[in-house]
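Before any comments, here is the structure.
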Amino acid sequence: MNKIIKRILDVWQYNKAAMLISIIDKSGSTPRGVGTQMLVDEDGIITGTIGGGAVEKEAIELAAASVIARQSFTKNFELNMKDSSLNMVCGGALFLHFLYVDKELFEAEIKAIDSKIDSKESGFMVIDTVENKLAFSSDAVSTSNTVSIPLPVPDRVIIFGAGHVAQALVPVLSNVGFGCTIVDNREEFIDKSLFPDAEDVILGDYENIEDNVALTSKDYVIIMTHGHTHDYEVLEQVLRKEQIYIGVMGSRRKKEFVNDRLLKAGFSKDRIDTIHAPIGLSIGGVTPEEIAISVAAELISVRANLRGSVRNHGCPLK
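Each residue of the sequence shown is one higher than the one before, counting from 115 in my numbering.
Right, here's the structure in full:
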């Protein structure tokens, strides 16, 4: 949504027009879910995707024609194996709402949503599919005519250790909806230029981590410091609180060393088993960049499971 809102403001700056396409309902197997959006402006520039394939192609064509006519409407797309016209192998339906984003009508609303996204505040874009209106709301609005799309608030990832893998990891996580905070006890590594995509870069010791960052139950914690002892110091404190995810970088031998100390410190085996170590999905990564991909993939998987996302929607596009 963030890129779409910024694009709407850019389009308006040049007195151009655009059509906002939103998935407002679905049934069966479809590539994307309710709330997914795409913007088509009068220059033919596309921002976002509603799943690709023939449905998206037809939606883009409809939007391009409708933006000239300044028409808003809702259209149902049936997806099934017998529908050769759409060249799909799905069995479901998509209900798309096409909203002409009129600057005179929606400038205040779009700017309010943009401000909330920039300040990482929660809220909803509410689309009235009958009145063809758009608004910001602090709470979800539930009526037969509206769909409430949550504003994208990044999930917080706290990374202890600012080495090469962390430097490769932050831009990857930032691009998939995670907001990163870096903590390191080495002054030369706490350089904002090394982490331009990070939300915060903190110099602090590992013995008392909450002096510098307050952990919450909604955090993802990644530990990749420059030593076994530092990893243990951080992990011992982190395990005393609840987090969504705890991952530790290192070899299996390092894992055994740290786990043995945790057992001696009184932590249960069940609690220790919640740690993702070695961190990341097993894809054979070796370089910092490859390891970053495996770690990001693991966090995406954990987040998807929490949200109840279906791993296999059964709807590949031809």
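Don't be surprised by glycine CBs; every beta carbon is placed ideally from N, CA and C.
Sequence-distant residues of its chain with Cβ nearer than 6 Å to glycine 361 (five each side left out)
Ile336, His390, Ile393
Are lysine 306 and valine 315 closer than 8 Å when you measure CB to CB?
yes
Taking Cβ positions, are valine 148 and alanine 178 nearer each other than 8 Å?
Judged by their CB atoms, valine 148 and alanine 178 are not nearer to each other than the 8 Å cut-off.
6 Å CB neighbourhood of phenylalanine 187 in its chain, flanking five on each side removed:
Excluding residues within five positions, the ones whose Cβ falls inside 6 Å are Phe212.
Is glycine 428 buried or exposed, if buried means 16 or more other CB atoms sit within 10 Å of its CB?
Reliability of the predicted coordinates at glycine 428 is poor, the pLDDT of 46 falling under 50, and the value obtained from them is presented with this limitation in mind. Exposed, because fewer than 16 other Cβ atoms sit within 10 Å of the Cβ of glycine 428.
Three-state secondary structure (DSSP) at aspartate 298?
strand
CA nearest to the CA of leucine 210, picked from Val416, Gly275, Gly293, Lys171
Lys171
Rounded to the nearest angstrom, what separates leucine 200 and isoleucine 164 at their Cα positions?
Because the pLDDT of leucine 200 is 44, which lies under 50, any placement of that residue in the model is unreliable, and the number read from its coordinates should be weighed accordingly. Rounded to whole angstroms, leucine 200 to isoleucine 164 spans 15 Å at the Cα level.
Please check if any C-beta of chain C sits within less than 8 Å of the C-beta of lysine 117.
No chain C appears in this structure, which consists of one protein chain only.
Taking Cβ positions, are serine 251 and valine 240 nearer each other than 8 Å?
At the C-beta level, serine 251 and valine 240 come within 8 Å of one another.
Coarse secondary structure for valine 261, derived from DSSP in three states:
Strand at valine 261.
Verify whether the separation of the beta carbon atoms of threonine 343 and phenylalanine 274 is less than 8 Å.
no
Near phenylalanine 292, which residues of its chain fall below 6 Å by C-beta distance, leaving aside the five closest residues on each side in sequence?
Pro268, Asp269, Val271
Bounding residues of the beta strand (DSSP E) (the contiguous stretch that carries threonine 161)
That run of the beta strand (DSSP E) goes 160-162.
Which stretch, first to last residue, makes up the alpha helix (DSSP H) that contains asparagine 373?
366-378
Measure the C-alpha to C-alpha separation of alanine 276 and valine 284 and round it to an integer number of angstroms.
10 Å
Which residue comes first and which comes last in the alpha helix (DSSP H) that contains histidine 344?
342-352
Measuring CB atoms only, is the segment 115-127 touching the segment 214-224, in the sense that at least three cross pairs come out at less than 8 Å?
yes
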